[in-house]
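Visitor: Mapped onto my numbering, the consecutive letters of the sequence shown carry residue numbers 204 to 246.
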Amino acid sequence: MRPDVVLGVQLGPFSAHCWVQHEDRLVNDRVDMVRTFTPILVL
């Protein structure tokens with residue numbers, strides 16, 4: 204397994220959030236939380 208750490212941001216008001224996912228599945232978060240963020244970096 205090679206999970207990714209994804210960093211996302213949103214505007215108005217600015218907010219940042221990160222989560223872990225494997226391929227297209229979230230590992231440590233909920234879809235309704237991360238869908239409002241635009242991914243800007245995948246590690």
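Note that the Cβ used here is the ideal one computed from N, Cα and C, for glycine as well.
(1) Measure the CB-CB distance between Gly-211 and Val-230 and report whether it falls below 8 Å.
(2) Cα-Cα, which of Leu-244, Ile-243, Cys-221, Leu-246 is closest to Val-162?
(3) Since Gly-211 sits in a beta bridge, which residues does DSSP pair it with?
(4) Pull up the DSSP beta-bridge partners for Arg-228, would you.
(5) Cβ atoms of His-225 and Pro-206: under 8 Å apart, would you say?
Guide: So, from the data block:
(1) no
(2) A query on residue 162 cannot be resolved here, the shown segment of the chain reaching from 204 to 246 and no further.
(3) His-220, Pro-242
(4) His-225
(5) yes
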